[in-house]
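Data block below; observations after.
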Amino acid sequence: MARTQFLYDPFTEFDRLFDDAFTSRFRPDSDEARPTTIRPKMDLFETKDNQVVARFELPGIERGEVNIEVHNNRLTISGEKKPETQTDEARGRFVVRERSFGRFARTLQLPEGTKPEQVQARMEYGILQVNFPKAPPEQETKIIPIEGSHKEKGSKK
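Using the numbering used here, the letters of the sequence shown map in sequence onto residues 16 to 172.
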């Protein structure tokens with residue numbers, strides 16, 4: 016079974032953790048000082064029927080607030096999680112406020128030759144699921160055996 020490679024940068028996750036740790040420590044308690052970008056968590060897996068499934072956690076975000084674009088073999092999920100519109104007098108004063116608000120975007124590299132109409136998306140209960148085909152067999156890595164005219168040391172021929 017061939018393996019599909021995706022563009023994943025582990026340093027992006029490290030940067031997010033680093034930013035979260037330091038911005039929360041030095042952030043004043045006002046609403047205006049909250050971060051303006053959020054990074055939805057994602058699971059990515061391959062199915063037995065030659066599909067790739069990406070699931071994104073988008074709690075509190077409506078389907079109409081999410082954009083999905085395919086450009087240059089890159090799938091981008093973006094949108095904005097907006098804070099509640101109640102006035103301070105109506106809701107009172109926050110004692111603890113941990114929920115994040117702001118813009119978000121995640122980008123995945125699609126297999127070469129993936130057409131936008133092959134990408135399908137569905138959102139339920141704050142989980143966005145995006146499906147697309149794995150690389151076709153002609154694009155997967157093929158190992159080529161090396162032949163020779165005489166038996167070499169260690170050869171199995």
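Where is the CB? At the ideal position from N, CA and C, for every residue including glycine.
All of these numbers come straight from a predicted model, not from anything done at the bench.
Does DSSP classify residue i as helix, strand or coil?
| i | result |
| --- | --- |
| Glu-162 | coil |
| Arg-70 | strand |
List the endpoints of the continuous beta strand (DSSP E) containing residue i.
| i | result |
| --- | --- |
| Asp-15 | A query on residue 15 cannot be resolved here, the shown segment of the chain reaching from 16 to 172 and no further. |
| Asn-179 | In this structure the chain extends from 16 to 172, so residue 179 is not present and cannot be described. |
| Ile-142 | 142 to 148 |
For residue i, does the count of other Cβ atoms within 10 angstroms reach 16, so buried, or fall short, so exposed?
| i | result |
| --- | --- |
| Leu-59 | exposed |
| Ala-105 | exposed |
| Phe-109 | exposed |
| Gly-173 | Nothing can be reported for residue 173, as the shown portion of the chain is limited to 16 through 172. |
| Lys-96 | buried |
Report task. Note down, one range per segment and in chain order, each alpha helix (DSSP H) of at least 4 residues found wholly within the segment 81 to 139. Result -> Taken in chain order, the complete alpha helix (DSSP H) segments of 4 residues or longer contained in the segment 81 to 139 are 103 to 106.
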